[in-house]
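Chemist: Handing you this structure, nothing more for now.
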Ligand code: SF4
């Protein structure tokens, strides 16, 4: 069995560590690029949302590198994501690929199905081995989140623009050549040491922007055209409302242990949207309210074209920003998105926020 999975930002680092710790053979898809998008667009329905197309591109690139089994998470929520894998399996079969997609729905949805699929992948491992690998994986997830938070603070303050990202790029290229969580954690330590050496101007007080929207689009830098890096280099301290760790906690751990860490987000969204609509639509509203309450300078709403839950959120956000008098920029991405247009809109938005910020400091 040679296992692959779709990209979603830095998720592949933790997934690779987990599966390799259990002795499985992993084929990580090449980083998402124009070729991935072209392949995905060619074989996907035209009107489907961008994550589906990128998934197909990832799968085909991995299959051509030898993968025969695809792992993906499912969902029983209202968003069509839960049905992705069925349509994707059919597309791959029709193209003549002999692969199996194993989709994991959250365990609480169907415990027996979850256990059967887990056994298929992890069959001969003891619960202790699995728990140990899961513990190391969770550590990777948390460490990578801390790296992201460091980058958000460094980028707008670094003396030589792009130096932190150079270290990060090196780190990413090394990940493909190591095996197992121990080696990955070693690379994370090296990256942290490198970031310690980035020269910063700590007197800079950057404007702060919160990013809300569809989880995949927020997390995968190729699909969001490196939004966080672009904003950082425009002198903005970014905060992303959803992370891989947040997803693991809310989709798996929280439901298993009957906790509700999202209660405060749901409460923040409540005056505007009381109902769960899937696709993190309700969370998007709650996060925007929380950024406004924390006095962020602005919010960016990010989602892929045709994303149903985020279209609902888009219709509600103008009321939120009117109530809180907070600037909002909406960015909708698809395979036709022009990087020049995108950059221009970001520059215009951040310039406006900086002018507003300067006026408030003078006034
Ligand atoms: S949340 Fe939106 S973009 Fe994501 S899978 Fe669902 S419809 Fe597609």
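Residue numbers (my numbering): 5 to 367.
Cβ atoms here follow ideal geometry from the backbone N, Cα and C, with glycine treated the same way.
So within the region 231-311, which uninterrupted alpha helix (DSSP H) runs reach at least 4 residues, ignoring any that extend past its ends?
Modeler: 231-237, 248-252, 267-273 and 285-297
Chemist: Within 7 Å: the Cβ of residue 110 and any heavy atom of ligand 1?
Modeler: What you label residue 110 is simply residue 106 of the chain shown in a count that begins at 1. Outside the cutoff, so no.
Chemist: Return yes when the C-beta of residue 220 is under 7 Å from any heavy atom of ligand 1, and no when it is not.
Modeler: On the chain shown, residue 220 is found 216 positions in, with the first residue counted as 1. Indeed, a heavy atom of ligand 1 lies less than 7 Å from the Cβ.
Chemist: Determine the extent of the alpha helix (DSSP H) in which residue 195 is found, giving its start and end residues.
Modeler: Your numbering for residue 195 matches position 191 in the chain shown. From DSSP, the alpha helix (DSSP H) with residue 195 extends over 184-200.
Chemist: So if DSSP puts residue 29 in a beta bridge, which residue, or which two residues, is it bridged to?
Modeler: Translated into positions along the chain shown, residue 29 becomes position 25. Bridge partners of residue 29: 6.
Chemist: From this set, 292, 26 and 249, which residue's C-alpha is nearest residue 122's C-alpha?
Modeler: The residue you call residue 122 lines up with position 118 of the chain shown. Per the Cα distances, 26.
Chemist: Considering only C-alpha positions, which residue in the set 330, 233 and 290 is nearest to residue 317?
Modeler: Sequence index remark: in the chain shown, residue 317 carries index 313 (1-based). Nearest Cα to residue 317 within the set 330, 233 and 290: 290.
Chemist: Straight-line CA distance for residue 347 to residue 130?
Modeler: For the purposes of this step, residue 347 is identified with residue 343 of the chain shown, where counting begins at 1. For the purposes of this step, residue 130 is identified with residue 126 of the chain shown, where counting begins at 1. Residue 347 and residue 130: Cα-Cα distance of roughly 50 Å.
Chemist: Taking the C-alpha atoms as reference points, what is the distance between residue 23 and residue 181?
Modeler: In the chain shown, residue 23 corresponds to position 19, counting from 1. In the chain shown, residue 181 corresponds to position 177, counting from 1. So the two alpha carbons sit approximately 15 Å from each other.
Chemist: Cutting at 7 Å between CB atoms, please list the residues of its own chain near residue 228, excluding the five before and the five after it.
Modeler: Within the chain shown, the letter at position 224 stands for residue 228. Excluding residues within five positions, the ones whose Cβ falls inside 7 Å are 221, 222, 306 and 337.
Chemist: Does the distance between the C-beta of residue 314 and the nearest non-hydrogen atom of ligand 1 fall short of 7 Å?
Modeler: Walking along the chain shown from the start, residue 314 turns up at place 310. Yes, since a heavy atom of ligand 1 falls inside the 7 Å radius drawn around the Cβ of residue 314.
Chemist: From residue 5 to residue 162, what distance separates their C-alpha atoms?
Modeler: Position 1 of the chain shown, counting from 1, holds the residue named residue 5. Position 158 of the chain shown, counting from 1, holds the residue named residue 162. Looking at the two C-alpha atoms, the distance is approximately 45 Å.
Chemist: Between residue 217 and ligand 2, is the CB less than 7 Å from at least one heavy atom?
Modeler: Ligands present in the displayed structure are limited to ligand 1, and ligand 2 is not among them.
Chemist: Quick check: does the Cβ of residue 283 come within less than 7 Å of any heavy atom belonging to ligand 1?
Modeler: As a first step, residue 283 must be located in the chain shown, where it is residue number 279. Result yes, Cβ under 7 Å from ligand 1.
Chemist: Tell me whether residue 288 counts as near ligand 1, meaning its Cβ is closer than 7 Å to at least one heavy atom of that ligand.
Modeler: Here residue 288 is taken as the residue at index 284 of the chain shown, counted from 1. No, the beta carbon of residue 288 sits no closer than 7 Å to any heavy atom of ligand 1.
Chemist: Going by alpha carbons, who is nearest to residue 172 out of 183, 90 and 156?
Modeler: Here residue 172 is taken as the residue at index 168 of the chain shown, counted from 1. Ranking the options by Cα distance to residue 172, first place goes to 156.
Chemist: Do the region 101-116 and the region 66-81 make contact, defined as three or more Cβ pairs closer than 8 Å?
Modeler: yes
Chemist: In this structure, does DSSP put residue 341 in helix, strand or coil?
Modeler: Translated into positions along the chain shown, residue 341 becomes position 337. The answer is coil: DSSP assigns residue 341 none of H, G, I, E or B.
Chemist: Does any heavy atom of ligand 1 sit closer than 7 Å to the C-beta of residue 84?
Modeler: Within the chain shown, the letter at position 80 stands for residue 84. Checking the Cβ of residue 84 against ligand 1 gives yes.
Chemist: I'd like the list of long-range same chain contacts for residue 160, defined as Cβ closer than 7 Å, with 5 residues on each side in sequence excluded.
Modeler: In the chain shown, the residue the question calls residue 160 occupies position 156. Excluding residues within five positions, the ones whose Cβ falls inside 7 Å are 208, 210, 236, 239, 240 and 241.
Chemist: Output the distance between the C-alpha atoms of residue 359 and residue 298, rounded to the nearest integer angstrom.
Modeler: For the purposes of this step, residue 359 is taken as residue 355 along the chain shown, with counting starting at 1. For the purposes of this step, residue 298 is taken as residue 294 along the chain shown, with counting starting at 1. Cα-Cα distance, rounded: 20 Å.
Chemist: Judging by CA-CA distance, which residue of 38, 51, 191 and 324 is the nearest neighbour of residue 276?
Modeler: Here residue 276 is taken as the residue at index 272 of the chain shown, counted from 1. For residue 276, the nearest C-alpha among the options comes from 324.
Chemist: Between residue 36 and ligand 1, is the CB less than 7 Å from at least one heavy atom?
Modeler: Along the chain shown, read from residue 1 onward, the residue named residue 36 stands at position 32. Every heavy atom of ligand 1 is 7 Å or more from the Cβ of residue 36, so no.
Chemist: In the structure shown, what three-state DSSP assignment does residue 336 receive?
Modeler: Position 332 of the chain shown holds residue 336. Of the three classes helix, strand and coil, the one that applies to residue 336 here is strand, per DSSP.
Chemist: I'd like the list of long-range same chain contacts for residue 15, defined as Cβ closer than 6 Å, with 5 residues on each side in sequence excluded.
Modeler: Counting from 1 along the chain shown, the entry for residue 15 is found at position 11. Once the five neighbours on either side are set aside, the close Cβ partners of residue 15 are 248.
Chemist: Between the C-alpha atoms of residue 31 and residue 178, what's the straight-line distance to the nearest angstrom?
Modeler: Here residue 31 refers to the residue found at position 27 of the chain shown. Here residue 178 refers to the residue found at position 174 of the chain shown. If you take the alpha carbons of residue 31 and residue 178, they lie about 15 Å apart.
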